[in-house]
Structures are given as C-alpha cells and as structure tokens.
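Presented below is the structure to which this report refers.
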Ligand SMILES: Nc1ncnc2c1ncn2[C@@H]1O[C@H](COP(=O)(O)OP(=O)(O)OP(=O)(O)O)[C@@H](O)[C@H]1O
Ligand SMILES: Nc1ncnc2c1ncn2[C@@H]1O[C@H](COP(=O)(O)OP(=O)(O)OP(=O)(O)O)[C@@H](O)[C@H]1O
Ligand SMILES: [Mg+2]
Ligand SMILES: [Mg+2]
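Laid out in structure tokens, this is it:
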C-alpha cells in the first residue's frame, strides 16, 4: 500500500492558544477516512495546515513521500492535494459552468493562454458536462452562483474538488446544508472516484460518516483522541461523551 | 543632534495636522466603507465657513471653529440622506468614487463661484501667534495648539468607537448591515451619526490645518492623495493607526525634505511603498480587512 | 472682415485665475482701443486648458486653426503648452503671442513666437545684482523643482557669483510641497544672510512665505528676495502681514505709478468691480493684444501672413501700463524695465511698492546653452 | 475597502444578473464594429473636430487598458498613467533620437509600458484595496518624478517636444488637419479592442475574473493569483503604453501630465462612467466625458466643473452600471418588445 | 401592538423573491403563541427565502405577515426586530471584525451587558473565546454565537435557519434541549429531519415556493411515504 499523506507531530498555536497539538496520521491509497470531533477541536485548522493555508508551528507533512511542509498552498494543489471548503467559497458572479471550466483549465495549466477561446479548448466541454452530470448540476450550468440555493453551492464545491483530479481529497463538511436526498449524490460521486486515491472527510452528519468511512479518526482539543472502525468508535465511551451524545444510540 | 531634534519636532507637528484632517476620512472609509473622496471638500467647506465667520462676520477664532464644524455637519447631512445612503457598502466602491468625485467638483465650482479663486485665510487670535520654545527649537504656537487638539481627538475617538455600545453597534452595522438590522440595530441612524462625525472631523481639520494647507477652491482635490496615504498606512478605520501613520509620514517627509530636498518627493513615495510593502494592511490592520 | 484670435489658457482648475486675468485684460484693452483695426473686427475665441498638458494644448490650438480659422494664437500660461504648438504655427504660418509662459527657450523653437511677458532670467539677473550690491555675501536659492524654477536658480547663481557672492546652498523643492518647515530649517542651518526663492504663484507661495516668518527666519534677520510671483497681487490679502518687507523684482506692480497704469487699473475696476485680480499676467495679455493689433495694422487688412506679421513688429517700442517696452528683434521677447518692490501697506491694503527700477532688461536667458 | 473591495455588486446591476451571459456577450460583439462605424462616420460628419476626436480615440485606448485591470482583474488603480506616460516618453525618445516610424513608436511604447507594468506590478500586486490604490499612486508619482529629473531625455517639465513622426506606411503624412492622425488612432483603437476582447474570452481572461472575485479560492484550485494579476497588469501596461505612444505620435509632444495622478483619476472616472468589464464601456465613457467636457468648457469654462460634477452624480444615481449598462438595458427592452411582437 | 407581545405569527399568501425574481409563490401558515413549527423541504425550495422575507431581507411582491396581529410588511428589518423577531440565518452572519463579546453586545437590544452571562452559560465555549475575533471561530462556534446572539435579544418569535448545521452531535443535543426549554414561538428550518420533527408540534413542507403539506409533526414522523415524497428520504430507522 502506498502512503499518500503522512503527517507527523503537527502543531499550531494562535498566540497562546494551542489549537493543534502533536497530530500524526497517515492516509494510504484507497483510504476512506472520516475526521470527527467536537466543535473547535481543530479539524478545519488541521485541514488548513495540511493544505498550506496557514503555516504549522511544528511538525512535517509529506505527500507521496515528498516533504511539502514549506510548499505554498497552490503548489500542493498542483501536486494533487485538494480540499473543499466548510463554508462554500465560490465566485459569486461566475456561472456554474465557468467554475468548472476554470478548474479544469487550471489543473491542466492552460490558463496562461491569452489568445485562445475558452469554448474551443479541446476536450474541455465534454469533461465539464461530465462533472455537471455527476453532481446533478446540469440544469444550473448557466446560473450565476450568487443566485444558487446554498445546497447546490455545496454540490458545486465538491464538483470543483473532483475537477482537480485529486490524489488526496479533503472534504470539509461536504454535506453541511445538503439534505439527505442530495448527500447520497456526494457519496455516489466519491464512490466513482478511482480507488487508489485517498479521501479524508470531516463531517458532523453521522449517517453520512458511517456510510462513507472505513476508518474514523477522532480529534478533541487539538489532539488525536482515538481512531478505528465505525464500530470501535461508537463503542468508545470517550467519544460518546465528547462528541456523539444521543447520536451514538441512534445507530 | 539639535538638527535631528528640530526635524523630529517639525515632523510631529506636521504629522499631527495630517492626522487631524485625515482621521475623519479614516472613520468614513474604515467604518462606513465609503471611499469619500469629497472629504477634502468637506474640510475645505469647514475652512471657508470659518474664514467667512472670522473675517466677514467678525467672530473670534474659537467661535468661528465651532460654527464651521456645526454648519458643515448641518450642510452635509442632507447629502447623506440624498446621496451617500445609496452608495454604502464595499460593493459599491466604484460608484462611490464617481459620486464623491462628482460631489467634489460641484463643491469646488460652488466655492469658486461664491468666494472666488483667490486664497482665503482664517486670522489667528493673538494667543496662537508667535512661537513656543521646545528645548532648543521654537515651534509656532499654533502648531502646538494643533498637536494638543490632535491628541484630544485621538483619545476621544478611540473611546467612542472601541469602548461604547455605539461603537460596537456601528461596527456591527458596517460589517453586515442586513444582519445588524435583523438584530434590531437602526443602521440608518447610525450611519447618519457616523457620517456627521466624519464631516465634523473634516471641518475641524480644515480649520485647524488652514495655516499649512491654505484655503483655495482646489484644496478639495489638491490634498486628497495625502489624506488617503495617511489612511492607507494607518489602516482604514483604525484611529491609532491614523495617528501613527500621520506621525510617521510627517517625520519621513520632513526628514526627506531636510536631508535631500532635491529628491524630497521620491523619498516620500519610496517610503510609502516600503511601509505598505511591509504592512500591506496598514500599521493597524484596517477594520475593513 | 473679422480677424479671430484664439486664446488658450487655464480658465478653470487651480490656475483658473490666470485665464481670468487674461480675459479681463483683453476686454479692457478692447474697451479702450475699440474692437476694430482698420476695416477688420478683432474677435477673441477662448479655449480652456486647465493645467499643463501639451497634447491637449496642441489639440485645442489645432481646433482653433482648423475649425475657428483663427489668424493668431495667443495666451499660453505654461511652458510646455506653448512649446507644443511650434510645429503647428510653422505649418499654418500663424503668429503666436505668448502672454505668460516664462521659460527662455520657447522663442527659440519657432520664429513665429512673440512673447510679451517676462522670463525668470530677466527678473532674476537685476535682482541678483542688486543683492550683491547690498553687500550680501552668502545666499541660498530655494526654487520649485521644475523648468522655470531651474531657470531662476541658474540665473541667480550665475549672476550672484559673478558679482562676488557665494550661493551656499541650492535647494530644489518638490512642486507639491505643503510643509516648508524643513526647508526653513535648512536655510537657517546654511548660515546664509539672504534667500532667493521662486515658487509658482498660488497656495505654495503662501505657505512658503508664512513658514518664513513663522519659523523665525524673518525675526533672525535673514533677508527674503525673489521674483514677483511670490507676492502676486491676488495672493496678498491672504499672505497678510507675513509678506511685509519681502523684496521682489518684477516687471509689473498693480501699484505702478504711471498715468497709463492708472487708466488701466481704473478701467478694470470700472468693468469688473474690483482690481484684486490685476497682476503680472494681466499686462502680459494687455500688451500681447497691443502687439496683435499692431500686426494687423501693419498687414494693412486682409489675410495675415504669419511670418511677415512677426517681422513687422520686431524692434517695435511702445508705452505700456508697466512702462516702456521694446520687442527684441532677435529673441522676439519684450525688453522692459524690471522694478524692485517691497511689500508695504498702502491705505490699509498690501501692495508691491516700487523702490528701484532697472530699465531695458533683455531676456538674459535667450540662447544660453543649458 | 480591502478584500471585497473591487467586486461589482451583482445586486446593484440587475441587468447583468438576469440576462444570460450569452446575451451580454453578443452585445459586446456588436460593440466593436459599432465603435469602428461610429468612428468612421464621425470622420465625415465632424471634419473640423478631428483634433478632439483623435484625443478621444487615443484616450479611449488608455481607458480600455484600465478596464482590463479594473474590470477584469479587480485591481483598483490610480496609477495607470505611469504606464501611459512611460509609453509616451519611450515613443517620443525613440522618435527624437533614433527612428520616427509611427509603428516603431507604438511598439516602443507598448514594450516600455508593459515592462514598467511588469516590474512595478510584481512589486505591488500583493496588496489589495486601499493599500494597492496608494501603491499605484506612489508608483505613478515616482515615474513622474523620474521623468521630471531626467530632463536631458524627457525635457523635464517643459515637455519632450520635437517629435516628428514619419508618414504612416511611408504614404500618409501627419497633417495639420489631423486626418491621418485620426484614422490612425481609430485603427489602433479598434485593433486594441479586438485584441482585448480576444484575451478576455480566453482561459486567461476566465482565470482573471476568478481572481477578481476571490483570489484565495484561486489558490485553492492551484493557481497563483498574483501571477495572474501581474500578467494582466503587464498586458494592460502594454495597452496603456501603446495608448501613450499613440498620443505622442498624434500630438508630437509629451508632457509630465501624461504620467500624472490627475490623468489616472480622470481615466478611472471615464471608465466607471462608461461601465466596467465590458471593453466598449471604456470607449463610451471616454467619448461621453471628453465630449461633454469639450462642450461645457467651450460654453462656460469657469463653471464646467460644476456641471460635470452634477453629471457624474446623476450617472451614479440613475445609471449605476455606467452608460453601457443603460444601453444594455435599453437593448434588453427592445429585444423583449420584439419577442412580444 | 399589545402591551405584552406574546408571539403569534401568521403568514398569508406571501409572495416574495429577490428583485424581480419571484421565489415564494403564495405561502400561508400560522403559528400560535408558543408554537413550534418545522419548515421542511428539499434544497432550494424557498425555506431560507421564507425566513428572510419574514425579517425583511427580500423583496415582497404580495401577501402579508402578522406578528400578534400587527402587519410586518411595512416595517424595515430593525423595526421587525424591535417588534419581537429574532433570526439565526443559515450563513450565520457573524460580524467578523468584532470580537465574540462584541457580537453578543450587538444583539442585546438595549439589555444590560450582564445579560451576556446567559449566553456563556448556554455555550461555555463562547465564554472561552470571548476576546477572539468573530472571524477566527470554528464553524460550529460561529453557529453557537449566532444562536446565542439571537437569544440575547429576547425575541418573542425566533426564526432558526438550520441551526444544527456544523454542530457536533453532543452540542446538537444541548442546543435542542435548550431550545425546548425556551418559552417562545419558534420556526425551525432543519436538515436533520428527525430532530426537527421531535422538536416541532407542527410541520409545513415547501416545494418550489409553495406549501405542499401542513400538519402535526407527529403524524408526519409516522408517515415515511409522506417524508419520502416531500424530502426524498426516509428517516433512519
Ligand atoms: N486565526 C485564529 N485565531 C485564533 N483562534 C483560532 C483561529 N482559527 C481558529 N481558532 C480557534 O481554533 C479552534 C479550532 O478551530 P477549527 O476551525 O479548526 O475547529 P473545527 O474542529 O473545524 O470545528 P467545527 O467543527 O466547529 O468547524 C477554535 O476554537 C477556534 O476558535
Ligand atoms: N440572493 C438570491 N438571488 C436570487 N435568487 C436566489 C437568491 N438566493 C436564493 N435564490 C434562489 O431562491 C430559491 C430558493 O432558495 P432558498 O435559499 O430559499 O432555498 P432553501 O429552501 O433555503 O434551500 P437550502 O436547503 O439549500 O438552504 C433557489 O432557487 C435559489 O436559487
Ligand atoms: Mg470546521
Ligand atoms: Mg436555506
């Protein structure tokens, strides 16, 4: 099994506040891992550290064996480390279609073509159509994102991540604001991804977590609390106390 | 040594005058997110009113100052209702630029028409003429007065915006007007009050600074870049930032002009670039950031 | 027939006063001398050029020639604006009478330029000589950092040092300076007995003069000289007592004591209600119109041939409100009397009171290699 | 006014919101031939005003360059004249000292404008909003000051005169009546519009729009916002430089004002007046502003400023998206009527 | 307005949208004083728009809404808030440039600052972060802040747009328990259908801007077919 993402001793302080402390974990090709934990446990911070949005106070991050701790965010994206945002973060006046076109062009480094026409870039239209279909956004293709319902914005957020053809895909609460009927779409899309990439999902919707994850990692107060299969996690009293509450019984 | 001291004193004095004129812009720009290019015009209106009040109506300097601030605020409040209200919000930035430039043009033309193109002055009272000794350096009394007024303005504003509920509500209304309104904050009144604060400060600065930035119809356009520089370096909306920036720029400018007068302009703008390179959000990261 | 004269000048913007003085002077001249020359009616067409902008100057002048079919171009407050029309007046063969732009080099660029204003050299040379004669040994020059300022600096240095003085510091100040305290400090530190200063008329001269007295240089006995732009009449009321005692050299003062000037000022007052705006640029325009009238007269009516018209006024002499004038046949610039004036209160009003006169001063800057 | 500063508000512009993008693009397509047609018509209809028209055409190209950075990149700048001035001086210096072919002058201007934009852009484009605005002003002032100090090359404040461009293609002399100048300027403007349109519909243009909306999101898909902005700034610098060179060719003189702050500010006003992000909005705005200025300044030079001020205020209040948006709205209305008929 | 507002809400044939675009096409429902209504429906059917219309953030095209018999249509947002509406928007709308404490102060509606302790008691996490900037909070913390801010204004009618989104299940428990204890009229939009139905006494289903079903919550909960039809899901067994 190839180790895609290795994190060692990662830590982050904001001023005096320790938000992440000594986090180590590994994602292998084919992993479907969920990261859960109470609010403010440091999950988004962890994603921000791994993707290079903020610099860590300590620790190293390796992607497919290469040390990327000091690489800028965009560089990591180009290496295949892709994330989606917890709160949809999109270009309000651009259409859904333009988003995907941009993502695909960017991925292929074809954005510095000054005199080509977007409509005529080979293969672009087909790929975008495929992505739209996958996330059920074909209808909305020409809608400006500013006037899209929030749930659809979430779907587009995922579609963008998929468009990047990730090696490691990190989804920060992909289903927040998406009703159950639609969340299945997200899972379907993830299922259709090539087996050999690793997916890490942060989610508070336990149904989704259990349907998706083969392993679950629990973070609390910036530290790894435990990890294991869904069964093991649900059975862990510490997890029940800090996180699951009544939901543990709903299972 | 003595020279350095002289430069420092001159720089601080100049800086304080810059502060007093620019801080109103920082308030409107940082807190209301209005790129109010008519700020210089309001300052000028204040100056003209004071000049008229002192020279033609024969009021004392202090009284003329009060009248100028009050009249300027009163005269500009309808503008808030009729014009500014339509362009609040960062999204309207270009409209703001266009509208406030248009307004500036109208005010310039109006002042030109009413008072003519020649320079106007606000006679200083006996008390403020002459010089005060500051160690080996003599500075004009008027400048010392401006420094004191600037310090008072600084503290008052800081307290108002950071420590009172008014300040909090105002900043909330600026951050997200729709949400603030949904929480029961009367955003329109707040904006009106803040606008009045901004123009009042502009008028105050126009009057106090008239010795350095002489009053003439193109005052409104001539110095706006200088004011913007102070606000940018200080961080829009930050009161202490504006003060720090004004002092820093005042000292840099003074030192540059003294040491290498032939390249004074270079020096000032090069320093500006360096500062903004180091602190891209201004000394005190602006509220709007 | 109608002969049109196109006037390009700032009528709006920060320098709007200049255009206003031009226009008023032209109207005074026409009121005094009539609108006709022989059978021709002289009509003035105005174009607004609010700031130094040579490309725009050229476009406006071109429009005057092509659309308005003017026979003369006139006005031009700033040097670059005047320089811009050189190719045009040559191609169209039209005389161009400059009412103000003061850099010496302009008239070298086309034989069709005639200038009725002054140059920095012309004003500065007699002043520097005077300063040297007063026994001043060490002086500082402080000028705005642009063409005319540099002319003034060069004229001062050359002349003052030729007469035995030393220029201990030559300060060039950014045009847009607002705070002059640091320059004052520098002047003080230089140990000079006197300062020669030139800044373009407007808010900066005010701030400079104020700073000079505020920072105690005046009290310290340092003498303040400069070309008359520093104390131009429209600025005097705002300068107030800070200006008292400033000595300048200039080609015109509103207070000039001559019958002709009294008539001019009186007519101005009659027509426009006040004499506040009567200043150096007024006579530049007034005399410019006189030259234009003369060219029309010399041409004997009908179409104007630019080259011949200019030829016809070379060496022409006449009496103007500012005193006797002659057009130097070489430089086509007026040779005139330069007056030494001091600001004093006359009937409660500040005036530039003439103290000495230096007659027949040519443009010393013409063809001075730079 | 920092991070969200330059985004045009979709809400304030109801037309762009509800017209499908395709329709808007179509109008853009009519825009360029229309500019060419109106420009040619003006040549016949207003033969005495070619001096003004030439200045409008050259200025429109400059404003167009500003539209590239502002309308498509969201870079609010008050220093665009630095590129214009550099281009103008470069063209002038080349013409005075070496070669006075008008196309060579344009090329020199474009290279100089693009070069200075690239150099300064790399230095300042990390900033946004007010800070960036100040930085652009500072760069503009420094460029102007350099031009002032380099008197030997630029003539300093007297201006660089004596530029005498050779006939276009060796055939058409630049005459006093301005015929050649005007047609030359119009041709360059139309070519500029075509190239700009091409660039903005390219993948690069798409990426720039993304950067304008949310630079952070661009880095999250692997792009470097700054490199797009610098590239865009440089491209716009080429346009501005060519515009400056065009002014040098057609007027034969370059002054310090061409790199000055007022010229940058005026360009911004003209652009916003016309409407940003449309390219031809730049042309409309320039023609409207300069035309109105010309008429007002001729009829009442003392007070034109007041009138133009009122006009600007009126535009903001009644045509928030600029004149072009008003035209689009009109176009939309007409089309709807047609549909109904 | 009656001396003591009690909080009954009535919506009649409400038509509203954004600018000229119409989203709500004639919506009617009523909540009695102290009633709890769950407003459910798929993505984009207009739930958020309904709440936003109630607080006055959209363009109303027709119909009316009354709070204790007083028509709200003519009032602006702040007037409605003064009349007793409290709002927790879906996007949370934290004042990013204000600290946590200042965010809460902005919601006080004139109550003394000592009232802030109520918020810290409900969500201790907020107390720990009171000096942090609103923008620095984690997603869930922002959600807590938004709810707490609305509660501090002591509204008579509380409008909640997906308040559980992004909250850890334990916090969801706490919050739902706290909401259950509140003595106010509540309209709840929520994706966690089971929790919403447990909480509410009545339910309204929306589809494409219209009410497609209204009835008791318990009945809806017991009718998987109904849920399947309007939401496309069956509840987890
Ligand atoms: N820039 C910052 N400055 C100070 N504190 C911060 C900053 N960013 C995050 N924090 C704090 O760090 C903690 C962890 O935040 P993070 O966003 O990682 O939580 P999370 O696990 O994603 O929570 P949630 O599930 O609520 O989204 C929070 O308590 C937050 O207040
Ligand atoms: N600002 C807006 N401008 C124009 N249309 C909008 C705007 N916001 C939402 N819409 C449209 O209004 C419709 C209803 O959206 P609304 O946000 O009310 O849905 P919702 O039921 O809350 O969905 P979700 O479950 O995704 O939050 C959608 O079709 C959406 O595209
Ligand atoms: Mg999070
Ligand atoms: Mg919603």
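Protein chains in written order, with my numbering: chain A, 116 to 366; chain B, 6 to 294; chain C, 6 to 375; chain D, 18 to 358; chain E, 6 to 242. Just so you know, even glycine gets a beta-carbon here, dropped at the ideal spot from N, CA and C.
Asked                                                                                                                     : Found
According to DSSP, residues forming a beta bridge with residue 138(B)                                                     : 143(B)
Under 8 Å (Cβ pairs) to chain D, residues found in the region 40-65 of chain B                                            : 40
Whole runs of the alpha helix (DSSP H) within the region 229-302 of chain D, excluding any shorter than 4 residues        : 232-237, 242-268, 278-291
Buried or exposed by the 16-neighbour rule on C-beta atoms within 10 Å, applied to residue 126(E)                         : exposed
Identity of the residues DSSP links to residue 43(E) by a beta bridge                                                     : 193(E), 208(E)
Exposed unless 16 or more other CB atoms sit within 10 angstroms - verdict on residue 135(A)                              : buried
Within chain D, partners of residue 266(B) - CB distance below 9 Å                                                        : The premise fails here: residue 266(B) is roughly 13 Å from chain D at the closest Cβ pair, so nothing lies under 9 Å.
Straight-line Cα distance separating residue 88(C) from residue 38(D)                                                     : No answer about residue 38(D) holds up, because its pLDDT of 42 lies below 50 and its placement is not dependable.
Start and end residues, beta strand (DSSP E) containing residue 281(C)                                                    : Premise fails: residue 281(C) is in no beta strand (DSSP E) and is neither H nor E.
Proximity to residue 53(D) [Cα-Cα], best of 201(D), 158(D), 130(D)                                                        : 201(D)
Terminal residues of the alpha helix (DSSP H) in which residue 66(B) lies                                                 : 66-87
C-beta contact flag for residue 269(B) and residue 153(C) at 8 Å                                                          : no
Closer than 8 Å at the beta carbon, the chain B residues around residue 182(C)                                            : 262, 269
First through last residue of the beta strand (DSSP E) which encompasses residue 179(C)                                   : Residue 179(C) -> no beta strand (DSSP E), and no H or E assigned at all.
Selection of the region 192-222 of chain D by Cβ proximity to chain A, strictly under 7 Å                                 : 215, 216, 218, 219, 220, 221
Through-space distance from residue 112(E) to residue 158(E), alpha-carbon basis                                          : 6 Å
CA-to-CA distance, residue 133(A) to residue 137(E), given in whole angstroms                                             : 14 Å
Minimum C-alpha distance to residue 129(E) - residue among 106(E), 118(E), 141(E), 116(E)                                 : 106(E)
Residue environment, residue 235(E), which counts as buried when at least 16 other CB atoms sit within 10 Å               : buried
By C-beta, the residues closer than 5 Å to any heavy atom of ligand 1, given in chain order                               : 129(A), 134(A), 154(A), 155(A), 156(A), 157(A), 158(A), 159(A), 160(A), 141(E), 142(E), 143(E), 144(E), 145(E)
For residue 47(D), the nearest candidate out of 207(D), 112(D), 284(D) (CA to CA)                                         : 207(D)
Separation of residue 249(B) from residue 22(B), as counted between CA atoms                                              : 12 Å
Under 7 Å from the C-beta of residue 231(D): neighbouring residues of chain A                                             : 204, 206
Same chain only: Cβ atoms within 7 Å of residue 194(D), ignoring 5 sequence neighbours per side                           : 67
Under 8 Å between C-beta atoms of residue 94(D) and residue 133(D)                                                        : no
Straight-line Cα distance separating residue 184(C) from residue 27(B)                                                    : 16 Å
Alpha helix (DSSP H) runs wholly inside the region 141-198 of chain A, at least 4 long, in chain order                    : 158-166, 188-193
Close-in-space but distant-in-sequence residues of the same chain around residue 58(B) (CB under 8 Å, 5 per side omitted) : 64, 68, 69, 72, 73
DSSP-derived helix/strand/coil call for residue 155(B)                                                                    : helix
Closest Cα partner of residue 380(A) within the set 150(A), 187(A), 131(A)                                                : Because residue 380(A) is not part of the residues shown, which for chain A are 116 to 366, the question remains open.
Chain C contact residues for residue 242(B), given Cβ-Cβ distances below 9 Å                                              : None at all; the shortest Cβ gap to chain C is about 25 Å.
beta-carbon residue 196(E) near ligand 4 non-hydrogen atom, thresh 7 Å                                                    : no
Interface residues of chain D facing residue 245(B) [CB-CB closer than 7 Å]                                               : Neighbours of residue 245(B) on chain D: none; closest Cβ ~17 Å, over 7 Å.
Residue closest to residue 199(C), alpha-carbon to alpha-carbon, out of 161(C), 113(C), 40(C), 27(C)                      : 161(C)
Chain E contact residues for residue 264(A), given Cβ-Cβ distances below 7 Å                                              : 48, 49
Counted within 10 angstroms of its Cβ, other Cβ atoms place residue 143(E) as buried (16 or more) or exposed              : buried
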